[in-house]
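The structure appears right after this line, and notes come after that.
Printed below as a string of structure tokens:
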């Protein structure tokens with residue numbers, strides 16, 4: 004089952020092209036270590052939950 008993470012508007016505003024956007028999104032997704040990024044869809048990162056314990060850093 005995919006999960007959706009809303010990407011902040013600032014990330015879209017501060018990105019100069021699609022590759023730059025992807026770099027910023029992947030950097031933002033580091034805040035969610037229990038999600039594996041699959042793709043960007045509209046304003047959401049589509050992810051799958053991985054097996055990492057969310058309490059681990």
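Numbering (the numbering used here), first residue to last: 4 to 60. Ideal Cβ positions, reconstructed from N, Cα and C, are used throughout, including at glycine.
(request) Can you tell me the Cβ-Cβ gap for residue 31 and residue 49, rounded? I've got them flagged as a contact below 8 angstroms. (result) The Cβ separation is near 14 angstroms, so there is no contact.
(message) Per the DSSP calculation, residue 38 is bridged to which residue(s)?
(response) 52
(request) Kindly list the residues whose CB is nearer than 8 angstroms to the CB of residue 14, restricted to its own chain and excluding five residues on each side of it in sequence; keep chain order. (result) 24, 27, 28 and 31
(request) Mind reading off the beta-carbon distance from residue 6 to residue 52? Whole number of angstroms is fine, and I expect it under 8 angstroms. (result) 6 angstroms
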